[in-house]
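Residue numbers (numbering that gives the first Met the number 0), protein chains in the order written: chain A, 0 to 333; chain B, 0 to 333.
No residue lacks a Cβ here, since even glycine has one placed at the ideal position from N, Cα and C.
Step one of this worksheet: look at the structure below.
Number of protein chains: 2
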Amino acid sequence: MTAQFEKYLAGRAATVNAELARCMKTVDTAPAVLAHAMGYSLAAGGKRLRPVLLMASAEALGLAPRDVLPAACAIEMIHTYSLIHDDLPAMDNDALRRGKPASHMVYGEACAILAGDALLTLAFETCAQNASVKKIGPARTTAAIAALARAAGACGMVGGQTADIFAEGMPQGKSRRAAKLTEKGSPLAGKKDGWFLLPADAGELTKKKLLAYIHSNKTGALIAAAVEIGALLAGANENTLRHMRAYGRETGLAFQIADDILDVTADKESLGKSGGDEEENKLTFVSLYGLAHAGEAARICTGKALEHLSASGIDRKRAAPLESLARFITERTY
Amino acid sequence: MTAQFEKYLAGRAATVNAELARCMKTVDTAPAVLAHAMGYSLAAGGKRLRPVLLMASAEALGLAPRDVLPAACAIEMIHTYSLIHDDLPAMDNDALRRGKPASHMVYGEACAILAGDALLTLAFETCAQNASVKKIGPARTTAAIAALARAAGACGMVGGQTADIFAEGMPQGKSRRAAKLTEKGSPLAGKKDGWFLLPADAGELTKKKLLAYIHSNKTGALIAAAVEIGALLAGANENTLRHMRAYGRETGLAFQIADDILDVTADKESLGKSGGDEEENKLTFVSLYGLAHAGEAARICTGKALEHLSASGIDRKRAAPLESLARFITERTY
Chain A
0 MTAQFEKYLA
10 GRAATVNAEL
20 ARCMKTVDTA
30 PAVLAHAMGY
40 SLAAGGKRLR
50 PVLLMASAEA
60 LGLAPRDVLP
70 AACAIEMIHT
80 YSLIHDDLPA
90 MDNDALRRGK
100 PASHMVYGEA
110 CAILAGDALL
120 TLAFETCAQN
130 ASVKKIGPAR
140 TTAAIAALAR
150 AAGACGMVGG
160 QTADIFAEGM
170 PQGKSRRAAK
180 LTEKGSPLAG
190 KKDGWFLLPA
200 DAGELTKKKL
210 LAYIHSNKTG
220 ALIAAAVEIG
230 ALLAGANENT
240 LRHMRAYGRE
250 TGLAFQIADD
260 ILDVTADKES
270 LGKSGGDEEE
280 NKLTFVSLYG
290 LAHAGEAARI
300 CTGKALEHLS
310 ASGIDRKRAA
320 PLESLARFIT
330 ERTY
Chain B
0 MTAQFEKYLA
10 GRAATVNAEL
20 ARCMKTVDTA
30 PAVLAHAMGY
40 SLAAGGKRLR
50 PVLLMASAEA
60 LGLAPRDVLP
70 AACAIEMIHT
80 YSLIHDDLPA
90 MDNDALRRGK
100 PASHMVYGEA
110 CAILAGDALL
120 TLAFETCAQN
130 ASVKKIGPAR
140 TTAAIAALAR
150 AAGACGMVGG
160 QTADIFAEGM
170 PQGKSRRAAK
180 LTEKGSPLAG
190 KKDGWFLLPA
200 DAGELTKKKL
210 LAYIHSNKTG
220 ALIAAAVEIG
230 ALLAGANENT
240 LRHMRAYGRE
250 TGLAFQIADD
260 ILDVTADKES
270 LGKSGGDEEE
280 NKLTFVSLYG
290 LAHAGEAARI
300 CTGKALEHLS
310 ASGIDRKRAA
320 PLESLARFIT
330 ERTY
């Protein structure tokens, strides 16, 4: 990572952080504990990769980064809520997140669920503010809201997380959670593992199909949406939009493969997580294809992302941050 | 309730139910278990009061009920998600909802959390579709989305639910959950009950203040939003909007007081709930003010709602369904 790009990333993250803090000031009539819990997780940091991608995408197409700050903050709020809910005892049961106690450890399980719900809701309230930015307007904003919701919902991130939690135990061949829900006498008795893990029309359940589904939805969908929303708000034409979507999809996939690799190679401390995926017998790119092949696959995705960026019609100089971001995502060590 | 109004309610509910089923068809690439869980709770019924109010409000101002079906379905999805999350073991821990096993009893806790998240997200995707209705357009739609999010979020429904769960035990003078979170050594040690229950600037905690906060936010905010959103989508002028908001607020409050009364007077079966509020020592209008005063208070709210409806400038005939709805809300027996 060049010093220039490092400065770019830090600067953009600081802009997002300041705006997130401003958004939290509008949460003025909530019970103090709820506002505190929302702010606690929002301020816990991270690279702010999704908002930075969203801003870079909009900027490549002629907007100023400030123009899309509402949408940028919205996508970070959605990412943050998903981490709060993922960490819950009923889900991944993680005590630590980004090196700090998870929300449910500090505020209790009920308040953590509600803080997640509130952040998801605040995301759409915030995104709607893009309608009053003159260069953007309400028509592009409603398109962005629809894209954000689609990517974050049942056919995107939430669907991916559902498949992921039901996939626990799958490397050994059985979904533990599905087994529990299909015990004799349950309304779900007789349902097969695939029913819990994949869309109804996905056909026979294979580990490869399942991993592809989890990867493209759990993390990939929201990263791809960041790029798409930036382009939608900038009013990109159909051809540019198509290539930007593909750039986002490949970058999102590369990100998740890199994440699986880091979970094996990086030390726990630098990830700020307790318990790696390995301990929970999770299906990952590394557990299914091996470490060497995973690294190669991530590089291939990045290569495809860069090809789509070239084909998008955006001039090279304007696209430079998106190029650096795609490379950073596979080369990062944290 | 007149036979004509009964027919009106049933007809509108049927229209909403058909559209909700159509919306669920767009959830086509989610894991089958997730789509099933979403559909299970959506189809569990209820009076569809919020979407009916939204349609009645839009119709009183010149739109056709069909024009606002996306927003109407959105508000029912949000109501449904809130019931799924409220029933969770970490929250109210209810096994039954509308006479059927609660979502977490059928699909497990994790899937119930995710089904709630997915319905909340789908609500905004659905509401955004109002932008393509010619008579409405994207500008009014973004205003409706912002109003919906504000009413459903930390400064509305989620805030009210937060106060409500932390209020358990308050009739005896102590918040049980707050006590647990402020044990010695906790990061929240030293925080007072009021911090968990009310906005930071609400001053000293009193039971009356707390009940007013819970009532106006937990249920009131979304009912008021239904009326407001109908008016926003119809392009109501500022004066009409102000009176319609007040009509919605008073109607929402009347609804919640009537709910507290029904919880004491109706039999469990007709409510389809396990365990009433009384058993959990919840703060309710009845426990605080007594049954006779509660009935009187609900009638006063309805009276105020009808006054605002008269002052809104909408002609009496067009406003007739809103008048019947306000009366029905206090007079209902289920």
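What P186 of chain B touches in chain A, judged by beta-carbon distance under 8 Å, is P100 and V105, going in chain order. Of all alpha-carbon atoms in A:A230, A:A94 and A:M169, the one lying nearest the alpha-carbon of K208 of chain A is that of A:M169. Considered as a whole, the segment 61-98 of chain A harbours 68-85 as its complete alpha helix (DSSP H) runs of no fewer than 4 residues, in chain order. With the criterion set as a beta carbon lying under 9 Å from some beta carbon of chain A, the members of the segment 61-87 of chain B are I77, Y80, S81, H84 and L87, in sequence order.
Counting only residues of its own chain and dropping the five nearest sequence neighbours on each side, E75 of chain A has a CB closer than 7 Å to the CB of V15, L19, R47, R49 and P50.
Between P30 of chain B and P186 of chain A, the CB-CB gap reaches or exceeds 8 Å. In the DSSP annotation of this structure, the continuous segment of the alpha helix (DSSP H) that includes I213 of chain A starts and ends at K206 to I213. Shown here is that no member of the segment 227-258 of chain B has a Cβ falling below 7 Å from a Cβ of chain A. At a Cβ-Cβ threshold of 8 Å, A138 of chain A and A130 of chain B count as neighbours. By a beta-carbon distance limit of 8 Å, L113 of chain A does not contact T79 of chain B. Their separation comes to about 16 Å. A Cβ-Cβ distance of about 6 Å is found for the pair F195 of chain A and S174 of chain A, placing them in contact under the 8 Å criterion. Close to A296 of chain B, with beta-carbon spacing below 8 Å, lies no residue of chain A; the smallest spacing is near 23 Å.
As the crow flies, the alpha-carbon of G159 of chain A is around 10 Å from that of A166 of chain A. The beta carbon of Q3 of chain B does not come within 8 Å of any beta carbon belonging to chain A, so the residue lies off that interface.
Ranking B:M37, B:G184 and B:L305 by CA distance to the CA of R21 of chain B puts B:M37 first.
Judged by beta-carbon spacing, A57 of chain A lies beyond the 8 Å limit of R317 of chain A, meaning their Cβ atoms are not closer than that value.
DSSP, reduced to helix, strand and coil, places P137 of chain A within a helical segment of the structure shown. At a beta-carbon threshold of 8 Å, the residues of chain B lying near L33 of chain A are A153, V157, G158 and T161, ordered along the chain. The beta carbon of D163 of chain A sits closer than 6 Å to those of I213 and K217, all from its chain and outside the five residues before and after it, given in chain order. When DSSP reads this structure, P100 of chain B sits in a beta bridge with B:L95. Put simply, the CB of A43 of chain A is far from chain B, with every gap to its CB atoms at 8 Å or more.
Neighbours of M37 of chain A in chain B, taken as residues at a C-beta separation under 9 Å, are given in chain order as A153.
Residues of the same chain with a CB within less than 7 Å of the CB of A71 of chain B, apart from the 5 flanking positions on each side, are V15, P50, L53 and M54 in chain order.
Taking C-beta separations shorter than 6 Å and ignoring five residues to either side along the sequence, the partners of D86 of chain B in its chain run D93, R96 and A101, following chain order. Using beta-carbon distances, M169 of chain B does not count as an interface residue toward chain A, since no partner is under 8 Å. Judged by DSSP secondary structure, N238 of chain A falls within the alpha helix (DSSP H) whose first and last residues are E237 to T264. Sorting B:S323, B:H292, B:T25 and B:L221 by C-alpha distance to the C-alpha of A153 of chain B places B:L221 at the top. Looking at the backbone, the Cα of A12 of chain A and that of E5 of chain A are separated by about 11 Å.
By the neighbour-count definition (other C-beta atoms within 10 Å, threshold 16), A17 of chain A is an exposed residue.
Burial check for M0 of chain B: the Cβ neighbour count within 10 Å stays below 16, so the residue is exposed. Assignment of A57 of chain A by DSSP, reduced to helix, strand and coil, places it in the helix class. Fewer than three pairs of CB atoms, one per stretch, sit closer than 8 Å, so the segment 295-312 of chain A makes no contact with the segment 284-293 of chain B.
Look at I144 of chain B here: in three-state DSSP terms it is helix. Scanning chain B for C-beta atoms nearer than 8 Å to the C-beta of E108 of chain A yields A89, reported in chain order. Residues of the segment 5-28 of chain B with a C-beta less than 9 Å from any C-beta of chain A: T25, V26, D27 and T28, listed in chain order. In the structure shown, C154 of chain B falls within a coil segment according to DSSP collapsed to helix, strand and coil.
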